[in-house]
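A.B. asks: The structure's right below; bear with me while I get my questions together.
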């Protein structure tokens, strides 16, 4: 064996190379940035470029590693951070439920429509996402403001006498989030519902379970993995949402994205901002693990 | 086939040569500036005069600019931070010293203002003032008269006395969403130093702001410009130039709404936007040429005419339109000038206390 062959032999082949690519991707774009965030979270804020201290110091042949846990201590000392995490989780939870309530019937209707119409409906669901999110949120500001479309229409119809204060309240935040994240709920649900074997419903019907009962006993349990996938895709990004609450929300909208912004920009404290982000990720990992378990269970069930 | 290849190669080489020659001839300057903060001809005149191509990007908050500068390698040659931010950034080593031999027009700058600015830039080594302004009261003349009667609008009492602001609440009050600019106003009103770092003083300011919190319609740093002009709100604490812009907009819309600006008699906060060169700038010579251009009296006078912010160029004042030059809200008389204060570079701890207070004031948490 020549050296060249030996070296070539060390490279991963076939199957391993194929599996290696996504792993490498995860390492580069998820694990590495997260490691940097963790590193910053143990540093101290400083007036420098970049504005935090270095964790390690090499002097007199000695390597000193200085970990500062003060940032995490700070987070536990002030009720604000806990309130902000809870605020984010509450908004994410309610938005996810609302998305599911609106999205499920939509996905169901699309999955049961004719084969020719399905791509049209799906296109209509996805079309709004072709415009930048920021512009769509600004459009909502125009619709919801005191002299906006909605209030003017209601005033004209005589439903209300005074404009409703919707913009800059949590109601506006829910409207904006449900609107923006609905496609992420509908698409996985549709992908699941369209695969259902309709003969199961026929069999149920033969056995006396009509419409409503069959839906709850057959369709809903079968679509469980679609519901979970949709809920994850909505819940996780909404927890860290910044743009929508910032533009549509009011002073009482307390979410972790805003607090993170304040730490990073107003207080110039990158380490505290980083530790906030680390804790947020830890909170989110729990539902992700549950999801993975469910997926694994499903795979086994099929095998 | 071979011939085509050769021809393609020759063309590619030719293009590369042309491109490199162009790059040598075309001098560029990368400017990162506030949005809506130059006159329509400022940049084009400079390009014509100097032959330098200006790449112009904008930001809308000091924080966004700072995050870019502190990450390192911003890629810009000219930036325009406000003075408290500049102070911190100088300490972080973000800027390079100006070479004053390349700035022959330096002496046009107002000596008193330069002296004031030494709290941010000791020795005026890193920056020149671009525009400055005050943070005062902008209001809808008729609506405020309707709720407050003939009371003169010339004091912070209008905002900080609940009996006044509770009446103004009916027609809408907006405050800048900026703890470091509003909390000092409250401190100053209480007779405490506006730059106080004492926790007790800051607590008092917080308590004062909490008493008026129920009457504040919203906190925002730019929305008041259009809301005041359209009559959606009747009182705003805001930046002088922005409030004058609101006044112009109201006039353009037919003059149904009359907007006025007043610096309260107790004094007010002032901010200076400063022109500086990041230390990693690649076009240092061009940056100096641009700064020297900004020191030309006519250039500054045109900017003030357009933006309605005063400048710091002594020679420019006479060239500014009379209506602007004599407006006490834009060019304050000496007795008002003596009561103005500017914002210091706060220690991280005080900054944190202020941000925290602000969240409490705004959201009650």
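Residue numbers (our numbering), protein chains in the order written: chain V, 1 to 303; chain X, 1 to 365.
All residues carry an ideal CB built from backbone N, CA and C; glycine is no exception.
(1) If you draw a straight line from the alpha carbon of residue 236 of chain X to that of residue 87 of chain V, how long is it in whole angstroms?
(2) So for residue 76 of chain X, helix, strand or coil by DSSP?
(3) For residue 64 of chain V, which of V:53, V:131, V:70, V:196 has the nearest alpha-carbon?
(4) Write down the C-beta distance between residue 345 of chain X and residue 84 of chain X rounded to the nearest angstrom, noting that I regard them as a contact closer than 8 Å.
(5) Does the beta-carbon distance from residue 282 of chain V to residue 178 of chain V come in below 8 Å?
(6) State yes or no: is the beta carbon of residue 329 of chain X nearer than 8 Å to at least one beta carbon in chain V?
(7) When DSSP builds the beta bridges, which residues end up paired with residue 46 of chain V?
(8) Determine the burial state of residue 286 of chain V: buried for a count of at least 16 other Cβ atoms within 10 Å of its Cβ, exposed for fewer.
(9) Can you give, in chain order, each stretch of the alpha helix (DSSP H) that sits fully within the region 148–224 of chain X and has at least 4 residues?
(10) Once DSSP output is grouped into helix, strand and coil, what is the label at residue 22 of chain V?
(11) Can you tell me whether residue 45 of chain X is helix, strand or coil according to DSSP?
(12) CB of residue 45 of chain V to nearest heavy atom of the ligand COA: below 7 Å?
(13) Distance check for residue 170 of chain V and residue 146 of chain V, CA to CA, integer angstroms please.
(14) Against chain X, with Cβ distances strictly below 8 Å, would residue 242 of chain V count as a contact?
(15) Kindly say whether residue 245 of chain V, judged by its beta-carbon, lies nearer than 8 Å to any beta-carbon of chain X.
(16) If you drop the 5 nearest sequence neighbours on each side, which residues of the same chain put their C-beta closer than 6 Å to that of residue 143 of chain X?
(17) Which class does residue 1 of chain X belong to by DSSP, given the choice of helix, strand or coil?
(18) Taking the runs of the alpha helix (DSSP H) that are 4 residues or longer, which of them lie wholly in the region 280–339 of chain X?
(19) Here's a check: name, in chain order, each residue in its chain whose Cβ is nearer than 6 Å to the Cβ of residue 96 of chain X, leaving out the five neighbours to either side.
(20) Is the beta carbon of residue 119 of chain X less than 8 Å from the beta carbon of residue 342 of chain X?
(21) With 8 Å as the limit, tell me which residues of the region 208–233 of chain X have their beta carbon closer than that to any beta carbon of chain V; keep them in chain order.
(22) Taking a cut of 7 Å between CB atoms, which residues from the region 63–77 of chain V lie near chain X?
(23) Looking only at its chain, what residues have a beta carbon closer than 8 Å to the beta carbon of residue 93 of chain X, apart from the 5 residues adjacent to it on each side?
(24) For residue 147 of chain X, which residues of its own chain have a beta-carbon under 8 Å away from its beta-carbon, when the five flanking residues on both sides are left out?
(25) Are any of the Cβ atoms in chain V nearer than 8 Å to that of residue 352 of chain X?
(26) Could you spell out where the alpha helix (DSSP H) holding residue 352 of chain X opens and where it closes?
(27) Report the option in X:125, X:110, X:123 whose CA atom is closest to the CA atom of residue 131 of chain X.
(28) Do residue 28 of chain V and residue 43 of chain V have their C-beta atoms within less than 8 Å of each other?
(29) If we cut at 8 Å on Cβ distances, does residue 63 of chain X have a partner in chain V?
(30) At 3 residues or longer, what runs of the beta strand (DSSP E) sit wholly inside the region 20–103 of chain V?
(31) Go ahead and label residue 1 of chain X buried or exposed: buried means 16 or more other beta carbons lie within 10 angstroms of its beta carbon, across all protein chains shown.
(32) If you check the beta carbons only, do residue 75 of chain X and residue 261 of chain X fall under 8 Å apart?
(33) In chain order, what residues of the same chain lie with their CB nearer than 6 Å to the CB of residue 57 of chain V, ignoring the 5 residues before and after it?
(34) Output yes or no for whether 8 Å exceeds the beta carbon distance between residue 86 of chain X and residue 292 of chain X.
(35) With respect to the beta strand (DSSP E) encompassing residue 130 of chain V, which residues constitute its N-terminal and C-terminal limits?
C.D. replies: According to the structure data:
(1) Approximately 30 Å, taken between the alpha carbons.
(2) Of the three classes helix, strand and coil, the one that applies to residue 76 of chain X here is coil, per DSSP.
(3) Nearest Cα to residue 64 of chain V within the set V:53, V:131, V:70, V:196: V:53.
(4) Indeed they touch by this definition, with Cβ atoms about 5 Å apart.
(5) The Cβ-Cβ distance between residue 282 of chain V and residue 178 of chain V does not fall below 8 Å.
(6) Not one beta carbon of chain V lies nearer than 8 Å to the beta carbon of residue 329 of chain X.
(7) Bridge pairing for residue 46 of chain V: absent [DSSP].
(8) Looking at its Cβ environment, which holds fewer than 16 other Cβ atoms inside 10 Å, residue 286 of chain V is exposed.
(9) Counting only runs of 4 or more residues that sit fully inside the region 148–224 of chain X, the alpha helix (DSSP H) segments are 157–160, 162–168, 179–189, 199–212, in chain order.
(10) The answer is helix: DSSP assigns residue 22 of chain V an H, G or I state.
(11) Three-state result, residue 45 of chain X: helix.
(12) Absence of the ligand COA from the depicted structure is noted, as is the absence of any ligand whatsoever, leaving it without description.
(13) When rounded, the distance between both Cα atoms is 15 Å.
(14) By this cut-off, residue 242 of chain V is not an interface position.
(15) When Cβ-Cβ separations below 8 Å define contact, residue 245 of chain V makes no contact with chain X.
(16) The residues are 171, 234.
(17) Any reading at residue 1 of chain X must be qualified, since the residue scores a pLDDT of 48, below 50, and its modelled position is unreliable; the value itself is stated next. It is coil, neither helix nor strand.
(18) Along the length of the region 280–339 of chain X, whole alpha helix (DSSP H) runs at least 4 residues long occupy 284–294, 297–307, 322–325, 334–337, reported in chain order.
(19) Closer than 6 Å at Cβ, skipping near neighbours: 277, 279.
(20) In this structure, residue 342 of chain X lies closer than 8 Å to residue 119 of chain X by Cβ.
(21) Result list: 218, 219, 232.
(22) Per Cβ criterion, the list is empty.
(23) Excluding residues within five positions, the ones whose Cβ falls inside 8 Å are 279.
(24) If we look at residue 147 of chain X and ignore the five residues flanking it on each side, its Cβ neighbours are 167, 168, 170, 171, 234.
(25) Yes - at least one Cβ of chain V is within 8 Å of the one on residue 352 of chain X.
(26) According to the DSSP assignment, residue 352 of chain X belongs to the alpha helix (DSSP H) that extends over 348–363.
(27) Comparing Cα positions, the closest option is X:110.
(28) With respect to the 8 Å criterion, residue 28 of chain V and residue 43 of chain V are not classified as neighbours on the basis of their beta carbons.
(29) Yes, contact with chain V.
(30) If we require 3 residues or more, the beta strand (DSSP E) runs fully inside the region 20–103 of chain V come out as 56–59, 62–65.
(31) Only weak support exists for where residue 1 of chain X lies, its pLDDT of 48 falling under 50; the value from the coordinates is given anyway. By the neighbour-count rule (16 or more Cβ atoms within 10 Å), residue 1 of chain X is not buried but exposed.
(32) Not a contact, by the Cβ cut-off of 8 Å.
(33) Closer than 6 Å at Cβ, skipping near neighbours: 64.
(34) No; because the gap between Cβ atoms is not below 8 Å, this pair is not in contact.
(35) Run containing residue 130 of chain V: none; DSSP gives neither H nor E here.
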